[in-house]
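For the protein sequence lines, the chains are A and B, in the order given.
Just so you know, this note's numbering puts the end of the first sequence at 567, numbered straight through with nothing missing.
Just so you know, this note's numbering puts the end of the second sequence at 344, numbered straight through with nothing missing.
Cβ coordinates follow ideal geometry from the N, Cα and C atoms, glycine included.
Following: one structure in structure tokens, then a few remarks.
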Amino acid sequence: MAENDRFEDPIRELELKITELTAYPSSPDREKQLERLQKKLSHLRREIFSRLSPWQKVLVARHPKRPYSLDFFRLLFEDFLQIHGDRKFADDSALVGGFARFHGRPVAVLGHQKGRDFKDKIARNFGMARPEGYRKALRILKLAEKFSRPVFTFIDTPGAYPGRGAEERGQAEAIACNLREMARVRVPILVTVTGEGGSGGALAIGIGDQVNILENAVYSVISPEGCAAILWKDPTKAAEAAKSMRITAQDLKGFGIVDEVIPEPEGGAHTSHEETAEILDRYLTRQLEALDGIEPEKLLEDRYRKFRRMGMFGQTRYF
Amino acid sequence: MDIAWFRKKKTPRTPVEGKLSKVPEGLWVKCNGCKQIIYQQEVVRNSNVCPKCNYHFRLTAKERLTSLLDNGIYQELDSEIYSIDPLKFRDHKNYKDRLRDYKERTGLNEAIITARGTMGGFPIILCVMEYRFMGGSMGSAVGEKVTLAIERCLDESVPLLIVSCSGGARMQEGTLSLMQMAKISAALGRLHEKGIPFLSILTDPTTGGVTASFAMLGDLNIAEPRALIGFAGPRVIQQTIRETLPEGFQRSEFLMEKGMLDLIVERSEMKDTLIRCLRFMVNENLPRRSTEPGRLQP
Ligand SMILES: [Zn+2]
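Put into structure tokens, the structure is as follows:
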């Protein structure tokens, strides 16, 4: 597995070379060389990222420099106003949301939020929301419904927090309520899995009219490590579990679980947050336009049908 | 035959039929609760509950159906639906082979039986999970059968009862299993809107994606005593917080104390209690009214 983890090394080496070269005074020779290396870098990125294994995609989805929800709020929307708390117990900073404008138009946004530095990671509980987070999300959804504003959600979590307090305060109930209520919120909901789609904690903000997934994101019923620990009785078999569970964006599209796979910049979303947001913006703009003007009744009926179809099973007919 | 058991009850009722699950053939069984060796017939006659320590032995889905429905009679629904192997999943064993083994072992197509019958005269549709079939795990087939059952309740304005007994979503069907939580919960939303009763019974164990979807969405969430109920498994939590969990953590009594359950009901009282709930919920004298959209609070 070790060499499996280091697939980005050749890219980093080349990037370093380019940085070193730019330190030299400019000369026609240097420019030529730089151009050659840039081309090589682009080729290398495409080469490596087109052949990522499912486990490598998990690592890209968890990349520490990957854009997080607050990055997307800043890059895709204007005038983000964060609102806090579930009005019952606490504010959960592992799940953030509020009001914003999308191309000038008022919308609601919400998403899981991982921390960037160590302190922030701890404060945000590594993006693992507690019941309060899911209840806050539902509050935001209901506000959006009350004021007829579309909702954009961004999924990026290892899973709902498996802690003592979370259990005591009804983690399961909080998630379950969101699943039921999101299916009935009478405004358009556009869901994007941006990084890790970790199980019920991801799905709890994942019911919508449009479900997108970034090219290197994953969405699974249990983490590969968790699956490996249970079925292989060996957590180091995570790469195998990742492959077996078919959790890549492309697999999920095939199973009808996501509607669109959104391309990432060459070398993954972490290479350029801006470019990632620009690409995503084009998709979301088009999708929102398509949902605009659909009557709430039809919107809900279509949303119901969309999830109703999910699943693959056999059926023996006795005639 | 010990007649005392019948006298104790307010209303006589048919004793549970069938053999105890998880117990080898024979006259004596060991109780998982008090570890005592007990005469099997005595346990069976006592609704599969230990007469010494009140430990509730796990019931098979068929035993549960028989114990809840009038005269033990039910009509199975959608039995032709079965799991396939959409992922070509393989760990130590092919998922396909695992399915075949469980089918042979249980004589069932899936980890759930859905059925219709009457309970205290009330027509009702039931979904009863079968733990012996892959730990009652929920894959596409379970999700489809539950959703079909809910849609029947919607069509016929008949109450829904789900008896959960499950480790959660079925990993071998990957994200498709996860999506069953969404599918079932959406259907339950419609049931709620239409004002049709949904009673959720949680038995030992009810965890993971089953708890985080339909099991917690009942108009009433009713548990059997001392059932393990939670989102994450106790071992996962232990690893996360690295401290010992309090005695009785994630057991029915603990959940009730935390406000997550409406009732804890002994197996021998379950049917009576459910009928009393239905008397409150099913009002034949009034035309059925939908709750206004947007009025529903979780
Ligand atoms: Zn006992």
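In chain B, which residues lie less than 7 Å from residue i when you measure between Cβ atoms?
i	result
A:Leu-451	Leu-224, Met-227 and Ala-228
A:Ser-274	Under the 7 Å cutoff, chain B gives no residues; its nearest Cβ is about 51 Å from A:Ser-274.
A:Leu-479	Asp-137 and Met-217
A:Ala-408	Phe-277
Establish whether the CB of residue i and some CB of chain A are separated by less than 8 Å.
i	result
B:Leu-324	no
B:Ala-232	yes
B:Ala-187	yes
B:Arg-198	no
B:Thr-160	no
B:Ser-259	yes
B:Gly-255	yes
B:Glu-202	no
B:Glu-176	no
B:Leu-172	no
With DSSP as the reference, label residue i as helix, strand or coil.
i	result
A:Thr-401	strand
A:Phe-297	helix
B:Leu-154	coil
A:His-518	helix
A:Tyr-409	coil
A:Arg-353	strand
A:Thr-564	coil
A:Gln-330	strand
B:Thr-253	coil
A:Arg-322	helix
A:Gln-304	helix
B:Gln-218	helix
A:Tyr-316	coil
B:Pro-169	strand
A:Phe-594	Nothing about residue 594 of chain A can be read from this structure; chain A reaches only from 249 to 567.
B:Leu-263	coil
A:Ile-542	coil
A:Met-558	coil
Going along chain A in order, which residues have a C-beta closer than 8 Å to the C-beta of residue i?
i	result
B:Ile-345	Chain B is shown from 47 up to 344; residue 345 of chain B falls before or after that span and cannot be answered.
B:Gly-235	Arg-428, Glu-429, Ala-431 and Arg-432
B:Met-180	Chain A residues near B:Met-180: none, gap ~12 Å exceeds 8 Å.
B:Glu-190	Gly-559 and Phe-561
At a cut-off of 7 Å, would you count residue i as near ligand 1, judging by its Cβ distance to the nearest heavy atom?
i	result
B:Gly-79	yes
B:Gln-296	no
B:Tyr-177	no
B:Met-82	Note that residue 82 of chain B is Gln in the sequence shown here, rather than Met. Result yes, Cβ under 7 Å from ligand 1.
B:Tyr-85	no
A:Lys-305	no
B:Lys-98	yes
A:Tyr-531	no
B:Tyr-101	yes
Kindly list, in the order they appear in chain A, the residues whose Cβ is closer than 7 Å to that of residue i.
i	result
B:Leu-291	Arg-412
B:Met-349	Not covered by the structure: residue 349 of chain B. The range shown for chain B is 47 to 344.
Checking contacts by CB at 8 Å: is residue i closer than that to chain B?
i	result
A:Gln-419	yes
A:Phe-601	Residue 601 of chain A lies beyond the range of chain A shown here (249 to 567); nothing can be said about it.
A:Phe-395	no
A:Glu-549	no
A:Tyr-568	The structure shown does not extend to residue 568 of chain A, since chain A spans only 249 to 567, so no value can be given for it.
A:Met-249	Because A:Met-249 carries a pLDDT of 43, less than 50, the predicted location of this residue cannot be relied on, and the following value inherits that uncertainty. Taking Cβ atoms only, chain B never reaches closer than 8 Å to A:Met-249, which makes this a no.
A:Glu-416	yes
A:Ala-556	First, the residue type needs correcting, since residue 556 of chain A is Arg and not Ala in the sequence shown. Closer than 8 Å: yes.
A:Gly-448	yes
By the criterion of Cβ-Cβ separation under 7 Å, what are the contact partners of residue i in chain E?
i	result
A:Val-469	In summary, chain E is missing from the structure at hand, where the protein chains are A and B.
Who are the neighbours of residue i on chain B, taking C-beta pairs under 9 Å?
i	result
A:Gly-345	The contacting residues do not exist; A:Gly-345 stays about 17 Å from chain B at best.
A:Ala-465	Within chain B, no residue comes near A:Ala-465; the closest Cβ sits about 12 Å away, beyond 9 Å.
A:Ile-455	Ala-228, Ser-231 and Ala-232
Give the residues of chain B in contact with residue i, contact being defined as C-beta atoms less than 8 Å apart.
i	result
A:Arg-494	Leu-133, Gly-220 and Thr-221
A:Trp-303	Under the 8 Å cutoff, chain B gives no residues; its nearest Cβ is about 15 Å from A:Trp-303.
I want to verify the contact list: residues of chain A whose CB lies under 9 Å from the CB of residue i, in sequence order.
i	result
B:Ile-130	Met-560, Phe-561 and Gly-562
B:Thr-193	Arg-556 and Gly-559
Between the segment 270–287 of chain B and chain A, which residues of the former have CB atoms less than 7 Å from a CB of the latter, in chain order? Gly-276, Phe-277, Ala-278, Val-282, Ile-283, Thr-286 and Ile-287
The segment 241–253 of chain B: positions lying closer than 7 Å to chain A by Cβ: none
For the segment 297–315 of chain B, which residues have a beta carbon sitting closer than 7 Å to at least one beta carbon of chain A? Lys-304 and Met-306
Select from the segment 497–523 of chain A all residues with a C-beta closer than 7 Å to any C-beta belonging to chain B, and list them in chain order. Leu-500, Phe-503 and Ile-505
Using a beta-carbon distance cut-off of less than 8 Å, what residues from the segment 135–161 of chain B approach chain A? Phe-135, Arg-136, Asp-137 and His-138
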